[in-house]
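Taking it in order: structure first as structure tokens, then the write-up.
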Amino acid sequence: MSSKNRSFTAGLMGALDETAPQPEAPTRMSIGVLAGRENRMAELASGAVVARAIEQVDPARCRLWSEHNRDYAKLDETRCADLIESFKAQGRQEVPAIVRRVRGDPDFDFEVICGARRHWTVSWLRGHNYTDFRFLVEVRDLTDEEAFRISDLENRAREDLSDIERARDYLKALGRHYGGRQKDMAERLKVSEAWLSRYLDLARLPADLVAAFDDPHELKIKHVTQLKPLLKPDDRERRVLAEAAAIAKGRGEGTPLKPQDVIRRLAAAADPPKKSGSPKKSGQASAEVVSSPTGQPLFRVEPKGKKEVNVTLLLQAGGSRADAERAFTELLARFWLNTAGAESA
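This is the structure we're talking about:
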């Protein structure tokens, strides 16, 4: 168990435990217990310690909060392997999930605010020969906005929660709890507007664009700065989304593309290849991307002055070597002959 969880558990149990009896000094023990109880009551009365209701419940009587930011359907033995082994080794769940009571629903008693992986793990163990396991929960009385902030605080530092899960959670909360006011939301979460804005931009990426990636959970905040500019103006967005659809359609053919490979193809599609012909003879010639007959980018051509051409091979963009060789032969015919003609004139 991590140091954070150990300290949390120690504080939690400290609020519940009473002074343990000392058999070798029974007379002094009873006084110590009374003094300990009085001290605990004084701390509770002063607000120094907050009493929490801790219960062990049947996970089947718990439902996930509708605004929970965990993609519960994606949880499996791999993503919960650490908890499965920890629970088996300890013989119990040590850190409670945070829940609130459900009223008016005969099928459930609690709603899970934080602890979806713990809920899944206990449920899985109960279905795999560990029927005695119970779901340890801390019951709190929370508004939806409070529940959102608590869930965010618990999950913000967790690596197993993907950026896109967190981003979509923030976008929903922006409208539900903060009236669409990004500044208010940033203040309540104690984060900068710029930091929050990047997550919101990730959540706002078109679904057709996200579908181009084999696993949307691999999309990171760092990718937003590369993808967002490709969607303006409208004509670039149309080309990018068409390429995204082509990538999604071709999924399963060949080696799966890594996120950066997908982004390279989308970036190449944003600025289509120039029509064949002689390069510009005056002014600064612009770069062009040469593609295969099926649209895969092969290389980028950048004329430099009158007698130089830089060619950048796009090795990970999906084109074949045969396509590249044919296109390069055509490129030589365009540039080399024109150069030769200029020298003989």
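Per my numbering, residue 1432 is the first one in the sequence shown, and the count goes up by one each step. We put the beta carbon where it would ideally sit given N, CA and C, even for glycine. Keep in mind that this is a model prediction, so the values were computed, not measured.
Looking at the secondary structure, which residues open and close the alpha helix (DSSP H) in which residue i lies?
i	result
VAL1740	Element bounds for VAL1740: not the alpha helix (DSSP H) but the beta strand (DSSP E), 1739-1744.
PRO1690	1690-1701
SER1517	1512-1521
SER1582	1575-1586
ARG1597	1594-1609
THR1656	1652-1658
Buried or exposed: where does residue i fall if 16 or more other Cβ atoms within 10 Å of its Cβ makes it buried?
i	result
ASN1586	buried
GLY1685	exposed
GLN1521	exposed
THR1552	buried
GLN1727	buried
GLN1487	exposed
ALA1456	The pLDDT assigned to ALA1456 is 42, lower than 50, so where the model puts this residue is not dependable, and the model offers no usable value.
ALA1604	buried
SER1722	buried
ARG1501	buried
GLY1546	buried
ARG1548	buried
LEU1584	exposed
PRO1527	buried
THR1760	exposed
LEU1744	exposed
ASP1540	buried
Could you have a look at residue i and say whether DSSP puts it in helix, strand or coil?
i	result
SER1709	Legend: pLDDT at SER1709 = 48, less than 50; position of this residue unreliable, value from coordinates given subsequently. Coil.
PHE1566	strand
LYS1621	coil
PRO1457	The predicted position of PRO1457 is uncertain, since its pLDDT is 42 and thus under 50; a value taken from the coordinates is nonetheless stated next. Correct three-state label for PRO1457: helix.
PRO1728	strand
ARG1670	helix
VAL1526	coil
LYS1735	strand
ARG1494	strand
ARG1793	Residue 1793 falls outside the range modelled here, since the chain spans only 1432 to 1776, and no answer is possible.
THR1760	helix
TYR1503	helix
LYS1663	coil
THR1552	helix
TYR1561	coil
GLU1649	helix
LEU1636	coil
ASP1754	helix
ASP1572	coil
ARG1629	helix
ASN1769	Low local confidence applies: a pLDDT of 47 at ASN1769 is under 50, so the model's placement there is unreliable, with the coordinate-based value given in what follows. Here ASN1769 sits in helix by DSSP.
Would you mind working out which of the options sits nearest residue i, comparing C-alpha positions?
i	options	result
SER1628	HIS1648, ARG1597 and PRO1690	ARG1597
PHE1730	LYS1738, GLY1736 and ALA1699	ALA1699
LEU1658	ILE1515, ARG1483 and PRO1637	PRO1637
ALA1504	HIS1550, ARG1523 and ASP1538	HIS1550
LEU1620	ASP1600, ALA1673, LYS1519 and SER1751	ASP1600
ILE1678	ASP1666, ASP1665, LYS1663 and ARG1695	ARG1695
VAL1530	ILE1515, VAL1568 and ASP1538	VAL1568
GLN1691	VAL1655, LEU1662 and PRO1664	VAL1655
PRO1537	LEU1514, ASP1572 and ALA1491	ALA1491
ASP1666	LYS1689, ARG1682, ALA1701 and SER1751	ALA1701
LEU1631	ASP1645, MET1616, PHE1564 and ASP1639	MET1616
Going by DSSP, what residue range makes up the beta strand (DSSP E) through residue i?
i	result
ALA1642	Taken as a continuous stretch (DSSP letters only), ALA1642 belongs to no beta strand (DSSP E), as it is neither H nor E.
VAL1543	1541-1545
VAL1488	1484-1488
GLU1719	1719-1722
Any beta carbon from chain D within less than 7 Å of residue i's own beta carbon?
i	result
ALA1520	Chain labels in this structure do not include chain D; a single protein chain is all it has.
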